[in-house]
Structures are given as C-alpha cells and as structure tokens.
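Protein chains in written order, with numbering that gives the first Met the number 0: chain A, 0 to 359; chain B, 0 to 1122.
Here's the structure we're looking at; comments come further down.
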Amino acid sequence: MMPTSYEDGHISVSGAGGGSMPGKKPENTAFKQQRLPAWQPVLTAGTVLPAFFIIGLIFIPIGIGLYVTSMNIKEFQIDYTGVDMSSPCYNCSQNFSWNSSRPCACSLPFYLDQPYDSNVFMYYGLSNFYQNHRRYVKSRDDSQLNGNQESLKDPSKECEPYAWSSSKPIAPCGAIANSMFNDTLELFYNDPNGSKVQIPLTATGIAWWTDKHVKFRNPGGNENLPAAFQGTTKPVNWHWPVYELDSDPENNGFINEDFIVWMRTAALPTFRKLYRIIQRKNNMVPTLPRGNYTLEVVYNYPVRSFDGRKRVILSTISWMGGKNPFLGIAYITVGSVCFLLGVVLLIIHHKYGSRNNIAT
Amino acid sequence: MGMDFSTLRTLISRYCVGEENWVDSRTVYIGHKEPPPGTEAFIQQRFPDNRIVSCKYTFWNFIPKNMFEQFRRVANFYFLVIFLVQLIIDTPTSPITSGLPLFFVITVTAIKQGYEDWLRHKADKAVNECPVQVVQNGKIICKQSRRLRVGDVVLVKEDETFPCDLILLSSSRDDGTCYVTTASLDGESSHKTYYAVQDTKAFTTEEEVSCIHATIECEQPQPDLYKFVGRINVYMNNEPVARPLGSENLLLRGATLKNTEHIYAVAIYTGMETKMALNYQSKSQKRSAVEKSMNAYLVVYLCILISKAVINTGLKYLWQSDPNRDEPWYNERTDTERQRHILIRAFTDFLAFMVLFNYIIPVSMYVTVEMQKFLGSYFIMWDDEMLDEELGERAVVNTSDLNEELGQVEYVFTDKTGTLTENNMEFIECCVDGHVYIPHAICNGQVMPGASSIDMIDTSPGPDAREREELFFRALCLCHTVQVKEEETVDGIKHGIHQGKSSSFYISSSPDEVALVEGMKRLGFTYLRLKDGQMEILNRDDEVERFELLEVLTFDSVRRRMSVIVRAGSGEMYLFCKGADSSIFPRVIKGKVEQVKARVELNAVEGLRTLCVAYRPLSPEQYQQVCHQLSGAKLALQDRDKQLAEAYDIIERDLILLGATAVEDRLQEKAADTIESLHQAGMKVWVLTGDKMETAAATCYASKLFRRSTQILELTTKRTEEQSLHDVLFDLSRTVLRHYGGMSRDNSSSLSGDCTDFGLIIDGATLSAVMRPGQEDSNSGNYKEIFLEICRNCSAVLCCRMAPLQKAQIVKMIKASKEHPITLAVGDGANDVSMILEAHVGIGIMGKEGRQAVRNSDYAIPKFKHLKKMLLVHGHYYYIRISELVQYFFYKNVVFMFPQFIYQFFCGFSQQPLYDTAYLTLYNISFTSLPILLYSLMEQHINMDILKKDPSLYKDIAKNCLLRWPIFIYWTVLGVYDAMVMFFGAYFLFDNTSFTSNGQMFGNWTFGTLVFTVLVFTVTFKLVLDTHYWTWINHFVIWGSLVFFVVFSLLWGGIIWPFLNYQRMYYVFMQMLSSGPAWLSIILLITVCLLPDVVKKVIWRALWPTTTEKIQVGAITSMETLD
C-alpha cells in the first residue's frame, strides 16, 4: 500500500542488481495493458447544449413554484427588545437585574392584517447572540443529557465554568444550558367585542423527535425527577431547577422541549427558535383571524448588554418550510442563466463547431 | 544488540584511524603470517569482520530510528507539529483529526519498512552464517562467513559465491585462471577471466597454500567495481618479490565461481568494506519538474494558511475589544483562561486557527502522489509493447518518482552503438594493403543480400602479399580478449555467434572483437582457445599454430586501441595493435597508408565501423625493455592508470600498417521511425558517440536524424584548424540566426513548411575547446553561449569522438542553459552511465555491453524503439494524470477549507469548525481520495494509438504547461468560487427560516453538513467532468465513493456512539435529507458550483481548441461515422 520512496533504496543482499523480472511473462490482461473498454465522453458545445436547455427548463418552473409557495406563506415579526423609549418593554430592558425575584412583564399590541389559516408557528428570534461561538458550542455534556448517572454527578470539563456551583455539580451543565431562553410569551386575541381571548399554545412537537426520545433522557426515568436530580444544583442563571421546567412529566427535566430546542445551537448569530405551535382547530375559522392581538411578555432574558435583539415571529409553514424567497429566486436565476448560456453555446456551436471537425 | 556494537566498533575504529593514522593503503598478511623481520614495519590496522549489515534497524532501535527517519520528511513533520499543537493547546478540532491520518501513514510505512528490514535481517543472517572453508595451518576448517577476517585464506568451490573481496592465489586450473560471473553484481552474465598471482599460482593444495608467505599492499576500499590497485610481496627466503595486483586478480563478493573446480584466495576487504557493500548506497535523488511545482504550490498554500490564521487572529482581537463581545454573560471564560497573558492567548489563538485550517495542506496528498507513482509504474512494467520477445525482457522501473518527467522531455541524448544500432556486429570486409577481402557473408546461417560471393582470397597476388595477408589474419586472431565458451549453457545474453559445427561460442565484452574473430574464421583462420598462455589458431591448412601470449595492453576509450605481445612458435615476437584509425595512423611508420586510409574513409561514409591493424616486430632486447616499462607501471600504487597509459604510449609506436577491417553495426529495428517521432514531438535529439565522424554521420542519416534537406554545420577539428574557433563559431551563429531572423520576419505561420533545418556536427576536441573556461581573452568566455545559441536552432546535433565524461558535460551544459530544459539520456554501455546519471531522466538499454547502464538508469527498456511508447504514451499519460492530481488536490482542499474560513466571520472568530470531526478527518482519507487516485492511474484523455500515431500531441504538454501559474490560479479561483457559493448559498437558505414542514429549526451542525454534502458532491462531480476515460472501475469508484459518503453519514448520525463524548451529529444528516428544501438547495448549489467550469471548458474548446481537444472531437466523430 505504501509507496516505495519512503525507504531510501537499500537493496537486500540477496537481491540482484537490476531488479527485473526476467523471463516471466505476466498474465496479459486488458487492465495491465491499459486497454480496458471505456466510455470516452467529450464535453463539447454540442453535447452540453441539451443539458443546459434541460436544466433551464426544469429549474425555472421549480423556481416559480418555490417562489409562489414562499409568497403564500404569511409571516409576522415583532421586536420586543425595548430599545426605544416608546417600546412597552423599555422599562423591563432597562431595569434588568439577575437576582430580581419579581418578574418584569410588558405587553405589546399588534395587528394582523390578514388571517392565518393553517397551523401557526410561533418563534422567538435573537440577534447578535453567538450560539455558534466555539467556547459556547462545546460547553455541554451530551452524556449527562443522555441520562448518564456518572456524568450527572461529575460533569464534563467542557462545561467549565458552568460545571460546578457551590461544590455541587450543575445539571444541566455548561454555558448553553445556563443561558437558556426564559422569557415567557403569551398571545391574546383582542376580540372586536372587547374581550381578550388567550390563544392556546402547544409546547410539544417543537423539538426533533429523535432528540426528545433518544438523545435526551432523564437520569433514572421520567418519574420522580427531584430524587433523580438529588445532589445536583440548578444552573446559576436559572430560576428553577431542571425538574421544575414543566408540570407534565413527559416534558420535564432534560426532555423538556423548550430546553431541547435551546440546546440545538444555531448556525448563525441571528437565529430563531421554535417556541410554540398554534394548532388549527377546525376548517371553518382561521387559526389567527385578522385583528388586534396582544403579546404578553415576562421579560427575563437580558440582551441589551451585547446589543442583542429579541423578536417574536408568527409564521405559517408550507411543505418547503418557512418563508424563504431566496431559493425560488435562485432557481429562477440559475435556470434562466442556463437557458441563456444554452443559446450562447448554440451560437458558438453553429459558428465554430464545424471548424473543429475540419481541423481534424 | 551485538550488531549494534559491531557497527559502533567499526565506526569508532574508522574514526580513530581517520584521526591518527589514516593511510591510503592497507597491508594484509596472508594467512596472518607476520612478514619476516627487517622488512618495513607496518602499523597493523584493524579491519571489520565479515559481517554484512544491510538492515537499517535492530529490534531495539526500530521504533525511535524509524520514527526519526519518517519525521525527517517535511510533510510528516508538519503534521506532527499540528498534532502536537492540538494535544497541547485547546484547539477547535480534536487531535484525532490529524493524529489518525498521520498515525495511519506512519504506521503503514513503519510496518512496510519493518517487514522489509526483517527480510533484510533474515537475508543478512543467512549470508553471515553461511559456512566458509578457510585454510588454517594446512587444514580446511569451516567457519561462519561473518567470522572471516582480512588475511584469511579461503577455499571457494565451483558455483559458490565469494564471501568477501578476495585476491586470487591459485586455481584448480593449470594456468591459474578462473572464470567468474558477476551477474548478481552488475548483471553481466558473461564469464570473466580472473588471474592468479604469478608467484602463487603453483600452490594448489591447502598445505601448499598455507605456506605462502606474503603480504599484500592495496588501496583502501573504494566503491568502483572495476578499479583496484595493489601489490603483493612474496617472500622467497625472506627476500620480497613484488608483483602488481589489478582488478583482474580481485574476486568480488557476490560474484560466483564458474567452470573452475576450486580456488584459493585471500580475503582483503571484508564485511561492509567490500565493494558490493560500498555500492549499496542510494543514488542521488532526482526530482521531477512536477514535484518542484508541487513544492512551489505548497509554499503558496502555506502562506495562505499562515495569512488566514494571522488575519483571523487580528480580526478576532479587534472584534473582541468590546468586552461584551469577548465575554457576554452567557459565555464566560474560566478563571484560568482569564488569567492568561494576552500575548499567550493571542499566540494560542493563532495556533488554533492554524490547526483549524491546516487541512488545506493535506497529508493524503503526499500519500496519494506516492501511491500513484508507485502503482502507476506497474503499467510500464506490464506493457507488452515494451516486451522484447527475443531477450525475454520487459521495461524495468528503477525509480517511480520520474514517471511524469517522461512526458516533459525536451532534449534526448542518445548513444549510438548499441542504442541506435543493434551492436550486433557483422564482419563485412577487410583490406590488406589495399586489397579488399569479403568473406561469404554468412550470418546465422543466412546469406546476406548484397554481399555476393566476391571471394577475392584466391585472387591474392604474389607470395609477398600473401605473407602480409596471413600476418594480418593472424594479427586479428591474436589481438583480442575473446574467450571461447565450450558449453551450451550460457545464461542470459549470448555474446557472439553460434559457431555451427562445434558447440562453442566466442564471448567478449566487445561485440566488434567477436565479429572480427568470426570473420577471420570465415576467411580461414580459426581462433581455438587460450591454453596455458598459448593462443591456438587453426590455419587454412588445418594446422594448429601456437603463440605464447606475453602481454595484453588492454583497450581503453582514451587510447582507443589495444595491443598484444605474442611469441610465435618460431621464437619471433610481435606486437599486434588494433584500434581506431585516428589512433593508429599517427603511430605508423611503414605500410600502404594511403590506400588503407582511402578504404577506411570510404567504409566510414557507408556507416561501417572501421579498425586498423598494425604490427611491430620486437627483438628480445626491445621486449625486455617493454617488460620493464610495463612492470614498473603495474607495480605503482598511485596513479597506476596514468603510468600505464604512459607506458602503453611508449610501447605502441613505430608500427607497420597491415590493413583495416570494416564491421557493420546495423540500425536497431524502427530506430529511424522512433527518431522521427521524437522530432515530431518537438524533442531535440542529440547523438553522442565515441565513434568517428563519418561513421556516426552515416548512422545519423540512416536513422533520419539528418535528412537530405538538413543543412549540416560542422564544428570539427578539421575546420578549426583552418579558421580559429572564434571565427567558426561566429560564422555558424550568423548562418543560423540570419536564417531564423528572416523567417520570423517573413511569416511565422508557415514555419512548418519548407524551411531548411540545421544539423550540427561537433567533435570531442572542439567541444572541449568550446567548454574551456575563458582564459586569455574575455571573448572566449561566451563561446559556450554562442554554441548553445547555435544548438538551440539546430534540430539535430551529432557529437562524435566523445569521451564518457564529455557526454555528461554536454548534458550538464544543456541542463544549465537558461531555459532549463528537461533532458533525457539513453544509452546501453558503461560509457553512458555518467550521462544517464546526469540527465533528468536516465534510460538504460538492455544491450550487449553489460548491465551497468541499466543498473544506473531510472528506467530500462529492451530496445531503443520502446522509447517511443515510453515517452509519447506513458510519459504523456503520467504527466496529464499527475498534473490533474496535484491541481485537483489543492482545489479540493481550498473548497474544503474556505467555507470554514468565512464561517469565522460569523462565529465571532472563535475557531468554531464548520464540519464535524469525522468529516474533517475522513474528507481527504475516504470521501474524496479514491476517485482521484483512480483517475491518476487510469485516465487516458486520448487513445494511446493516436498518441503514438501523432507525436506532435506531445508538444501540447511541453514545458510543464498544465502546472503553470495561470492554471494553478484558475483552479484556486475556481475553488474559492465554489467555496463562496457553498457557504453563502447555505447562509441565505438558512437565513432565519425553517427548512421543514413541521416548523422545527436546524442548528449549526446541519448547516455544516449541508455545506459538506454539497462539497463532497461538487468535488467528485468536478472530477467526473474531467474524466475522459470511463471504465467500469471508474464508475465503481466514483459512484461508490459518493454512496459511501451517504452511507457513512447515515450510520454516523444513526446511533448514539457510546465512546464519543458528544453526540452532535445524531440524526443531523437524516433530518437534513427529510427536508425538501435541503434537497433542492443541494442540487442547486452543486449546479451553480459546476456551471462556470463546464462553460469555460466548452467555450475554450469551441473557440481556442488545443490539438488534444481537436483530436478528442475527431475521435468521437470518426467513431460515429464508423457506427
């Protein structure tokens, strides 16, 4: 396997000088003579032309389809960081302190100018938040999150400086868990008749199925979590221990979906994460009718210190996911470019193609 | 362990000797007997024992020594450093990513080298422990070979190999000779005769041998197999008698005794000091032009790597100057990190960036390149078109490092005899005093055409002339070194021609001599044998004549003649001399010089090899004088060659010319065709020969090196005698330049038309005048320049009358000229070795003049005609293949690393890798390595028959054109473009939106996996676009490696891996594949990445097609029309 020139030409004593293989006529195969039958395609204008046209013809319709689909998706964003004095959350963002016991609440009114028909997905978005910073990405212990008892008691070194707190192991350890998004967002529909209807938000189905059922596991099963987490302490920035994230035992502890969603680190500093799903109730009424809404925020999560922004996004989803005109436009562009190139090549082929053949 | 000590001891003793009493010669006491008192006291030296250590390692030092050897390679060292950095500091990628490939490479190499060394150990042991019979106190005792010491007297029997370098004392043959084959040393299978020392050859039993009282003085060991000088002092009654020793007395370790029952010999060089051991030193490494470009690119990439790391480090600290960015509340450092000094932190960051981007210089490139060369060379060895049925020999590859250099040759330097010509001599005629004799030309039982039976022997006039004629024939029968081989069992090449009736052959290292002796046989004088110093000749009357052989003045290429001194039965002594006309005529004082000279010139013009024969009767007094001169020179330890040459010069004078012979050396099959092809391929062919001008020029015309239309420029002694060298040179250069200047002004497009090309003939003497560094006037310094200028404009150059060293000088001069062309030297004999070693590529022809050229060559081929396929097909292919390999490797790593570089701008310059560790590690090892390796072994952009038919295609790749900077920049730009498309494509697709129909989000690892998937497919498809030769293996490997990537990714993300401390890839790949937009964007991005390259290819092909591309299209259309 290894090449000869790694060794420096020492000849064994027994070996003859020339190193030839005299006399022996090796088996003559097409492979050894480099004469295996082969297909020998040549990329000429003539052969490539049809491919270009075909690509053009396929890509443009796909692009149009994608673009139309994307345009049909309804999306609404609202920034609730509270940077402006006028923002309702300005006070909350200004008066933030880690150890305040009293949560700060603020509410933002907004107006949806078209009804949302299918399921609506509610995201929170953060900007300028480097979830993809190396120190941050590796600051977790997958073995602990998988329910491993030893890692629960002795978290990985990678979690430092969020591994131990007052000489107790932190569960879940690490910077990612410690900085988990903890604003509470609630949505109210301001009925034209004056009543304020809370919109039911589903908190399950927001994390990958495999994450929830395989990758993340509570130590010692989902029952009796406080006992399972005995001897550990909550992350410093958390208000409650991990076993009090939710009252539903199937959504508590490490398998809490909000937690799992947060633990999947985002690729870019501006990102959004799925927060809740607003299920469509029946076909008669839209999930979110046109009208006025109020977003009630319990403001716990500080982002002003690093010039971050917080948003809430309401979006419908198609087969291709959320609103993303880029893919459709890109397809249309590439398809058209291919088509154009096809035309150019056709001209070239007509003008110069014959010249080639004469030359040979 | 013991071996270690012995080598150490050797080293120490050598060192001490070197310090204190280093002497040029050594003294050996035969049988360890002290010389009688009163003789000069020698300092007894210590000699090593006869242990051969060819192994490099012992059990104990294998690991450290092998590691040291391996890490001396720059590439390995670089990766070791990267690995260590990863171990020491906190780096983005785990040490496994670079450690695993490095470990793999190192281990496999170590295992291979260890195994080879184990084989060497075994071989060493077998050799060192093989029994040797040593004479001690009149008895034979058996010793292990390694216990043999200098001075031991050894008994060697027939077919045994000599255990060390020995001086022959006596032989079972009465004349004190023995026959030896040195096949395992230099590949020459002919039997060579060695001679026992005159004074000891009578001691033929062990008792007798053990009473020899003598010392040997000889030079310290030197590697030249064919040089040895020494002196033996035999003490007869405490009186020393000194005799010369030469290489004809020295039996070399590794050679085998043949046709001799047994011999007694004394060991003089043992163990690692034998000539065989000294010859096992590696030749100096030749590096190909491709390798040089590769190294240049490597430097560029190293600069890119370092600048990337520096830029990123700088930006990182600029960006981090805001403490909220440096350490936001959600992402704090540990206390120890905080306390670290800023400079240390910055340096660590720099190293971390280096580690992150280090894949841009991949380990696997070296491994792939070396594997490509190693495996690729098998195609040369396997090639049936380069198999010579007659010899049963195939092409031999001694270095696989130069495969691609075969496609870059600009100058071909070829030997004439044996290379262009068959070196299968046929005696054509002889001329005695102007009378021409042509024997019935019977060769191998065939009557040669043209040589009708003009048997002029019967018409010879007068008794006086008849006497001269017989003297001439006898001279030719006696003046040679031909041996008679009685048996049929000559292994290897059969020198000489089968004798027909009896089952004996003439064997000689020079085919001319065999042809002459054969010719004489046909003219009635048969040389029978050399027995007891008597040469026996069967004359025309079937009587046996005996001549005592007194001295042989052997042939050498400087004197260009040889002589023998014989005593006829009647007691008259003669010196017979034969040699080149130029070396005989000046020494002739009598004879019909004019007639002979005319005939010789006539023959030379016809391309025959001519020799002149002369004699000189010696009186006993003269003979005594000659003996004195010779023995004086032979006994000298220093400058023996020089002294001998002087002695020969004095002896070979006052000759009487007898006549001349003509021997034909036919052109090798298809030599002319090959030369023509090389010409068409744009190579300049130079013939370098020791032959004389007329003969050589005739061969050149026959081999189409010169055409009838070629204008011949002569730069010979004949001309420089008339004019000064200066004027001749300027004349010639004016002729050449005027012509070409005019050409270029007229119209350059019709260059290929009827323009006359120039051929230059230069001889050795003039050449040395040209090469001589300028002394008196400053003008002579630039003779060389003018000469080169002339040569550059000549399509063919013939250099005749060349000494071996001059051949190398010419090669060196061309190599050093300002274009630095790639040179190739091809030759078959020992005189070509220097030029073979000097040229960029040295090719040996498995000819008749022994195996030396083959041994020293980089490649060896059976016949000159095989050069055509070697260069035009194999060279062309390997160049194409390796250049694509090199470019592609750099390209694929740019594409690989550049997205990671851009990603740093989006992750706060935190050295976060874009791809998972497994992907980082396996990208170069398994996902993208096999297709390119296979491509670089199998690619045939043009059918090989077309390559052979149309040699001008070779010009398409001349001057390393596929590895020039523009092309390299094109590939790099393409790589950067692809990387940008991949990264920003994925960036905009990921921009704040969900990819799935259930609204869930993807994380950073999905982002990286998406880029990586596009990357692997793009890079593989790029190779798909470049592949022109799709065999089933290509299909299998290319599609197979993509399938492997997918399967691996599914598996890698399919389970929770228990031994990993992170599970970041869990289900990432599958989730990505379950999303429609991901599929669509992968397809889109691959298309966009490949589009520019396809368009570029198509447009270039349409608008500016190269010859290669035209041929490719032509091949397609012709195939279509066939269908």
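Virtual Cβ for every residue (Gly too), placed ideally from N, Cα, C.
A quick note: this is a predicted structure, and the numbers were derived from the prediction, not measured.
A/CYS91 at chain B interface by Cβ criterion, 9 Å: Cβ-Cβ to chain B under 9 Å: no for A/CYS91.
For A/VAL284 and A/TYR123, believed in contact at Cβ under 8 Å, the rounded distance: That pair is no contact at about 26 Å.
In DSSP terms, what B/LYS191 is bridged to: Residue pairing by DSSP puts B/LYS191 in a beta bridge opposite B/VAL179.
Alpha carbon of B/ILE650 to alpha carbon of B/VAL557, nearest angstrom: Whole-angstrom Cα-Cα distance: 16 Å.
Below-9 Å beta-carbon distance, A/HIS348 vs any chain B residue: Interface with chain B (9 Å Cβ-Cβ cutoff): A/HIS348 is included.
Span of the beta strand (DSSP E), counted from its first residue to its last, around B/ALA213: It spans 213-218 - the beta strand (DSSP E) in which B/ALA213 sits, taken as one unbroken run.
N- and C-terminal bounds of the beta strand (DSSP E) containing B/CYS576: Segment 572-578, the beta strand (DSSP E) holding B/CYS576.
For B/THR716 and B/ALA795, the rounded distance between their alpha carbons: Spanning the two alpha carbons is a distance of roughly 19 Å.
Short CB-CB distance (under 9 Å) between A/TYR298 and chain B: No, A/TYR298 does not count as interfacial toward chain B.
Chain B within 9 Å of A/GLY27, Cβ atoms only: Looking at the sequence shown, residue 27 of chain A is not Gly but Asn. Yes, contact with chain B.
Cβ of A/ALA170 within 9 Å of any chain B Cβ: A/ALA170 does not count as touching chain B.
B/TRP505 - containing beta strand (DSSP E), residue span: As written in the sequence, residue 505 of chain B is Tyr, which differs from the Trp given in the question. Its beta strand (DSSP E) spans residues 504-506.
Minimum Cβ-Cβ distance from B/ASN311 to chain A less than 9 Å: Answer no: the Cβ-Cβ gap between B/ASN311 and chain A never drops below 9 Å.
Proximity test, Cβ basis, 9 Å: B/GLY752 and chain A: In this prediction, B/GLY752 has a pLDDT of 41, which is less than 50 and means its spatial position is unreliable; what the coordinates show is noted afterwards. With 9 Å as the cut-off, B/GLY752 does not count as an interface residue toward chain A.
CB contact flag (B/THR269, B/VAL179, <9 Å): At least 9 Å separates the beta-carbon of B/THR269 from that of B/VAL179.
Per-residue DSSP class, three states only, for A/PRO288: Reduced to three states, the DSSP call for A/PRO288 is coil.
Ordered list of alpha helix (DSSP H) runs contained in the region 247-295 of chain B, each at least 4 residues: With a minimum length of 4 residues, the continuous alpha helix (DSSP H) runs that stay inside the region 247-295 of chain B are 274-278.
B/PHE349 versus B/VAL84, B/ALA917, B/THR525, residue with shortest Cα-Cα distance: Closest option to B/PHE349, Cα to Cα, is B/VAL84.
Test item: CB-CB of B/LEU654 and B/ARG615 under 9 Å: Yes, the Cβ-Cβ distance between B/LEU654 and B/ARG615 is below 9 Å.
Cβ-based burial, B/ALA597 [other Cβ within 10 Å; buried from 16]: In summary, B/ALA597 is exposed, with fewer than 16 beta-carbon neighbours lying within 10 Å of its beta-carbon over all protein chains present.
Of the listed residues B/LYS868, B/THR971, B/LYS958, nearest to B/ASN942 (C-alpha basis): Looking only at B/LYS868, B/THR971, B/LYS958, the smallest Cα-Cα distance to B/ASN942 is reached by B/LYS868.
Cβ shell of A/ILE54 (< 6 Å), same chain only, five flanking positions each side left out: Contacts found: CYS337.
Of the residues B/MET1000, B/GLU205, B/ASP382, B/TYR1028, the one placed nearest A/TYR274, counting alpha carbons only: Looking only at B/MET1000, B/GLU205, B/ASP382, B/TYR1028, the smallest Cα-Cα distance to A/TYR274 is reached by B/MET1000.
Supposed contact pair B/PHE471 and B/GLY1123 - C-beta distance, whole angstroms, cut 8 Å: Any question about residue 1123 of chain B goes unanswered here, given that chain B covers just 0 to 1122.
Pairwise C-alpha distance: A/ALA162 and A/GLY146: A/ALA162 has its alpha-carbon roughly 16 Å from the corresponding atom of A/GLY146.
7 Å Cβ cut-off: residues of chain A touching B/TYR1066: Correct list: TRP207, THR209.
Nearest residue (CA-CA) to A/ASN282, options A/ASN118, A/THR183, A/ILE346: Ranking A/ASN118, A/THR183, A/ILE346 by CA distance to the CA of A/ASN282 puts A/ASN118 first.
Under 7 Å by beta carbon: chain C residues contacting A/VAL342: Of the protein chains in the structure, A and B, none is chain C.
Inter-residue spacing [alpha-carbon to alpha-carbon] between B/ASP23 and B/LYS226: Between B/ASP23 and B/LYS226, the C-alpha separation is close to 15 Å.
Minimum Cβ-Cβ distance from A/SER335 to chain B less than 9 Å: For A/SER335, the answer is no, since every Cβ of chain B falls outside 9 Å of its Cβ.
Exposure label - A/ASP210; buried when at least 16 CB within 10 Å: Buried, since its Cβ has 16 or more Cβ neighbours within 10 Å.
Three-pair Cβ contact test at 8 Å for the region 354-371 of chain B versus the region 907-926 of chain B: Yes, they touch.
Every unbroken alpha helix (DSSP H) within the region 23-89 of chain A, with a cutoff of 4 residues, ordered by chain: Scanning the region 23-89 of chain A from its first residue to its last, the whole alpha helix (DSSP H) runs of 4-plus residues come out as 44-71.
Pick from B/ALA514, B/LEU634, B/GLU693, B/GLY681 that is closest to B/SER581, judged by C-alpha positions: The shortest Cα separation from B/SER581 among B/ALA514, B/LEU634, B/GLU693, B/GLY681 belongs to B/GLU693.
Cβ-Cβ distance between A/ARG303 and A/THR80 below 9 Å: Using a Cβ distance threshold of 9 Å, A/ARG303 and A/THR80 count as a contacting pair.
Beta-carbon proximity of B/ARG586 to B/ALA603, cut-off 9 Å: Not closer than 9 Å, so no.
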